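Novice: Have a look at the structure that comes next, please.
In the working numbering, the protein residues as written are 269 to 619.
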């Protein structure tokens with residue numbers, strides 16, 4: 269369960285922002301000849317429903333049914349008492365209760381005479397839900413992941429502003445870590461505390477304790493830190509996930525160089541396109557690229573690897589998290605930053 273406060277922040281993500289997303293999705297549903305779209309949500313697959321509603325269901329699974337017209341419907345087996353709270357923090361959809369949400373979805377589809385239903389990630393939809401729908405209405409089901417991905421890939425100001433804010437939380441939280449720490453937990457404990465106190469709904473911390481030996485990240489507080497080490501901080505705020513990686517050193521000369529690289533990356537990264545194009549990477553002078561990958565919101569997942577050195581980006585994304593590993597002055601450095609936050613992204617989306 270998430271630890272942060274869940275509430276509606278109209279100044280950060282307005283009802284108008286979310287309803288504009290819903291309208292775009294409904295136009296796509298109609299254009300595809302579908303009568304509705306169904307999106308599943310649970311603790312780890314919350315991103316689709318969060319984007320279409322502004323609400324993150326963080327303790328239970330549920331469904332959102334988007335019909336061609338009207339407000340989306342959040343279908344849940346939770347009690348009406350909890351449902352009243354959901355309404356107070358999610359004013360952009362109707363909340364409907366049933367011990368069998370799939371059956372309720374079938375009944376709502378029957379009310380509008382639906383014949384064709386698109387399902388985001390149909391192959392991952394719980395079989396019981398599908399059976400419940402079909403027990404009420406023998407509607408034709410089709411996978412609508414590509415349709416949703418295309419609509420979801422359009423950036424909007426509200427989301428990009430939340431990405432910037434969430435990345436700011438992570439950047440500031442890293443300042444709480446002491447590079448002289450002996451063990452990973454001594455460094456990451458204050459960092460996690462800082463980001464949670466700053467209002468993050470959730471965060472996960474992983475460490476590559478000694479980059480001279482291994483670039484892999486692990487979740488541990490007991491590993492002894494080497495001369496250079498990297499920390500990965502994954503943060504959720506108001507439904508938006510950002511991943512940020514910084515490389516640190518207890519050696520003052522190396523630390524100064526790393527700070528310079530980090531500052532320059534903060535300046536450049538937001539303007540880079542989220543397309544995984546190697547020509548857009550920022551690398552310090554004299555650096556040699558070792559590896560890279562691009563993550564982005566995809567389907568029901570908050571972040572997924574969508575491109576790397578062997579895989580081209582298959583569809584537009586609203587923003588990306590670009591992770592690069594490179595060598596510089598004999599040291600391995602790993603960094604991760606949001607990309608695709610420039611005004612050019614929004615202009616292209618409009619066009």
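Just so you know, even glycine gets a beta-carbon here, dropped at the ideal spot from N, CA and C. Since we're looking at a predicted model, the values are computed, not measured.
Starting from the C-beta of residue 357, find all residues in its chain whose C-beta is less than 8 Å away, skip the five residues before and the five after it, and write them out in chain order.
Specialist: Correct list, in chain order: 274, 275, 276 and 323.
Novice: Determine the direct distance from the alpha carbon of residue 297 to that of residue 305, and round the result to whole angstroms.
Specialist: Counting only the Cα atoms, residue 297 lies some 7 Å from residue 305.
Novice: Using the C-alpha atoms, what's the distance from residue 420 back to residue 295?
Specialist: 13 Å
Novice: Taking DSSP as the reference, what is the three-state secondary structure of residue 401?
Specialist: helix
Novice: My output table needs one value for residue 616: the three-state DSSP class, helix, strand or coil.
Specialist: Low local confidence applies: a pLDDT of 45 at residue 616 is under 50, so the model's placement there is unreliable, and no value is given.
Novice: Any idea if residue 602 is buried or exposed, counting beta-carbon neighbours within 10 angstroms, 16 or more meaning buried?
Specialist: With 16 or more other Cβ atoms from the protein chains shown falling within 10 Å of its own Cβ, residue 602 counts as buried.
Novice: Per DSSP, residue 308 forms a beta bridge with which residues?
Specialist: 331
Novice: Does DSSP put residue 274 in a helix, a strand or coil?
Specialist: coil
Novice: Can you tell me the Cα-Cα spacing of residue 620 and residue 598, whole angstroms?
Specialist: Within the shown structure, residues of the chain are numbered from 269 to 619, placing residue 620 beyond reach of any answer.
Novice: Which first and last residues belong to the beta strand (DSSP E) in which residue 571 is found?
Specialist: 569 to 576
Novice: The beta strand (DSSP E) spanning residue 428 covers which residue range?
Specialist: Element bounds for residue 428: not the beta strand (DSSP E) but the alpha helix (DSSP H), 425 to 442.
Novice: By the 10 Å Cβ neighbour count, where 16 or more other Cβ atoms means buried, how is residue 561 classified, buried or exposed?
Specialist: buried
Novice: Would residue 463 and residue 587 qualify as a contact pair, given that the criterion is a beta-carbon distance under 8 Å?
Specialist: no
Novice: Using alpha carbons as the reference points, say which of 474, 441 and 517 lies closest to residue 449.
Specialist: 517
Novice: Within 8 Å (strictly less), CB to CB, does residue 324 reach chain D?
Specialist: In summary, chain D is missing from the structure at hand, where a single protein chain is found.
Novice: Under 8 Å, with one C-beta from each stretch per pair, do the stretch 499 to 511 and the stretch 548 to 557 reach the 3-pair mark?
Specialist: Three or more beta-carbon pairs separated by less than 8 Å are not found between the stretch 499 to 511 and the stretch 548 to 557, which leaves the two stretches without contact.
Novice: Mind checking which residues open and close the alpha helix (DSSP H) that includes residue 500?
Specialist: First-last for residue 500: 496 to 505, but that is the beta strand (DSSP E), not the alpha helix (DSSP H).
Novice: Enumerate in chain order the residues of its own chain whose CB-to-CB distance from residue 359 is below 7 Å, with the five nearest sequence positions on each side excluded.
Specialist: 276 and 283
Novice: Can you name, in chain order, every residue of its own chain whose Cβ lies under 8 Å from the Cβ of residue 369, other than the five neighbours on each side?
Specialist: 330, 331, 343, 344, 345, 397 and 400
Novice: Excluding the five sequence neighbours on either side, which residues of its own chain have a C-beta within less than 8 Å of the C-beta of residue 337, listed in chain order?
Specialist: 294
Novice: Have a look at 308, 287, 303 and 610 and flag the residue whose alpha-carbon is nearest the alpha-carbon of residue 567.
Specialist: 308
Novice: Check residue 460 in the structure and name its three-state DSSP category.
Specialist: Judged by DSSP in its simplified three-state form, residue 460 adopts helix.
Novice: So residue 577 packs on residue 483, CB below 8 Å; how close in whole Å?
Specialist: Contact flag wrong, Cβ pair sits at about 14 Å.
Novice: My output table needs one value for residue 566: the three-state DSSP class, helix, strand or coil.
Specialist: strand
Novice: Using a threshold of 8 Å, state whether the C-beta atoms of residue 604 and residue 522 are closer than that.
Specialist: no
Novice: Run the CB neighbour count on residue 460, radius 10 Å, all protein chains shown included, and call it buried at 16 or more, exposed below.
Specialist: buried
Novice: Could you tell me which of 436, 318, 570 and 573 sits nearest to residue 287, measuring between CA atoms?
Specialist: 318
Novice: For residue 592, write down the residues that DSSP places opposite it in a beta bridge.
Specialist: 560 and 603
Novice: Have a look at residue 608 and residue 582 and give me their C-alpha separation to the nearest angstrom.
Specialist: 16 Å
Novice: Could you round the C-beta distance between residue 475 and residue 486 to whole angstroms and report it? I think they count as a contact, below 8 Å.
Specialist: That belief holds up - the Cβ atoms of residue 475 and residue 486 are roughly 6 Å apart, short of 8 Å.
Novice: Cα separation between residue 589 and residue 404?
Specialist: If I take the Cα positions, the gap works out to 42 Å.
Novice: Confirm, please, whether the CB-CB distance from residue 376 to residue 303 is below 8 Å.
Specialist: no
Novice: Could you tell me if residue 465 is buried or exposed, where buried requires 16 or more neighbouring beta carbons within 10 angstroms of its beta carbon?
Specialist: exposed
Novice: DSSP puts residue 510 in a beta bridge; with which residues?
Specialist: 503
Novice: Helix, strand or coil for residue 413? Go by DSSP, reduced to three states.
Specialist: Three-state result, residue 413: helix.
Novice: Return the first residue and the last residue of the alpha helix (DSSP H) that residue 523 is part of.
Specialist: 520 to 536
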